[in-house]
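In our numbering, the protein residues as written are 3 to 137.
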């Protein structure tokens, strides 16, 4: 891991704020889910389904980043919620809320939108960890 931040990544206080926003989004998604009257096991069962968008990495990092970012940014999750509202479907709204929760969870733990250079290069920084000296 280089000593300089990845170009295009957020550092310092703004990075902490973005991670806190992720935690807030995660909590809000739980509240929105609860308001839909769905069974509680549905939330943990579907929380990591958006990670299916990582499958693009099986082809290459450029396609992987495109698909990952589609599934880990707000527009598709918002579309599911809007369609759920239009159809008066509490289940669709709940699924959209879970999707937002997944995005919030990832952001809270520092997993940001990906650059095409590497899965570990995100808008929230470089996920590569320096090697720890074990003595």
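In this text, a Cβ means the ideal position worked out from N, Cα and C, and glycines have one as well.
{"query": "With a cut-off of 8 Å on the beta carbons, I'd call residue 70 and residue 55 a contact; round off their distance for me.", "result": "5 Å"}
{"query": "Pairing CB atoms from the segment 13 to 23 with CB atoms from the segment 119 to 129, are three or more of them under 8 Å?", "result": "yes"}
{"query": "Please determine, among 116, 110 and 89, the residue with the shortest C-alpha to C-alpha distance to residue 24.", "result": "110"}
{"query": "Spatial neighbours of residue 105 within its chain, please: CB distance less than 8 Å, with the 5 preceding and 5 following residues excluded, ordered by chain position.", "result": "24, 27, 52, 74, 75, 76 and 79"}
{"query": "Looking only at its chain, what residues have a beta carbon closer than 8 Å to the beta carbon of residue 107, apart from the 5 residues adjacent to it on each side?", "result": "24, 28 and 49"}
{"query": "Does DSSP classify residue 86 as helix, strand or coil?", "result": "helix"}
{"query": "Report yes if the CB atom of residue 94 is closer than 8 Å to the CB atom of residue 86, and no otherwise.", "result": "yes"}
{"query": "Quick check on this structure: which residue in 112, 117, 122 and 121 has the alpha carbon closest to the alpha carbon of residue 16?", "result": "112"}
{"query": "Quick one: residues in its chain with C-beta nearer than 6 Å to the C-beta of residue 99, no 5 flanking neighbours on either side, listed in chain order?", "result": "31, 34 and 35"}
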